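Student: Counting from 569, one number per residue, gives the positions in the sequence shown under this note's numbering. Note that beta-carbon positions come from the ideal geometry of N, C-alpha and C, so glycine has one too. Remember, it's a predicted structure, so these values are computed and weren't measured experimentally.
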Amino acid sequence: MAGHHQVYSSGTHGRAAREQDLRDRLALPAVFSWLGVDAYLGGHDHFLEALEAGGVQYFVSGAGADLRTNNFPRSPQSRFLWDASNGFTVHSINASHASHILVASNGAVLHHVLVPLARKLRSAGGSRGTPPREAEWFA
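#1: Buried or exposed, going by whether 16 or more other CB atoms sit within 10 Å of the CB of A663?
#2: Checking 8 Å against the spacing of the C-beta atoms, do Q625 and V575 come in under that value?
#3: Taking a contact to mean a Cβ-Cβ separation below 8 Å, would you say L649 touches F615 in this structure?
#4: Mind reading off the beta-carbon distance from L678 to G655? Whole number of angstroms is fine, and I expect it under 8 Å.
#5: Tell me where the alpha helix (DSSP H) around F627 begins and ends.
#6: Taking only the alpha-carbon atoms, compute the straight-line gap between H668 and V605 and give it to the nearest angstrom.
#7: Buried or exposed: S673, going by 16 or more other Cβ atoms within 10 Å of its Cβ?
#8: What would DSSP say about S643, mapped onto helix, strand or coil?
#9: Using the Cα positions of G630 and D613, report the straight-line distance between them to the nearest angstrom.
#10: Apply the 10 Å Cβ neighbour rule to S660 and answer buried if 16 or more other Cβ atoms are within range, or exposed otherwise.
#11: Going along the chain, which residues of its own chain have a beta-carbon closer than 7 Å to the beta-carbon of V681, five neighbours each way excluded?
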């Protein structure tokens, strides 16, 4: 899955999401888990970050424009954060794995996450159970 706004982040926008309780209100982590989502790609905060929560990999790729120094506490879900220079992410998916690479603007590989795709995506209208209670708005 992909979207402009991140679900988890160590940056100012991630902190604002926590302060506004957006994750709990929208129940996105619960929806992602129920659907079988392996990764969520977002941006908005101006650096590169890899995070993990509830078996879902989260990637922030907002370092293509104005870079912002991360002089605030890192999110507990953070596994890697890069704010030293601009960069981008590369994502490759095949039948069994997804490869997520964070790359500096000079081409150096900064961080690589290889995720086995063991989970099966389910559609929101599927017959395999109901969404979690906190995600009832999604059904």
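Tutor: With the given structure in hand:
#1: exposed
#2: no
#3: yes
#4: 7 Å
#5: Here F627 belongs to no alpha helix (DSSP H); instead the beta strand (DSSP E) covers 624-629.
#6: 14 Å
#7: exposed
#8: coil
#9: 5 Å
#10: exposed
#11: A618, Q625, H668
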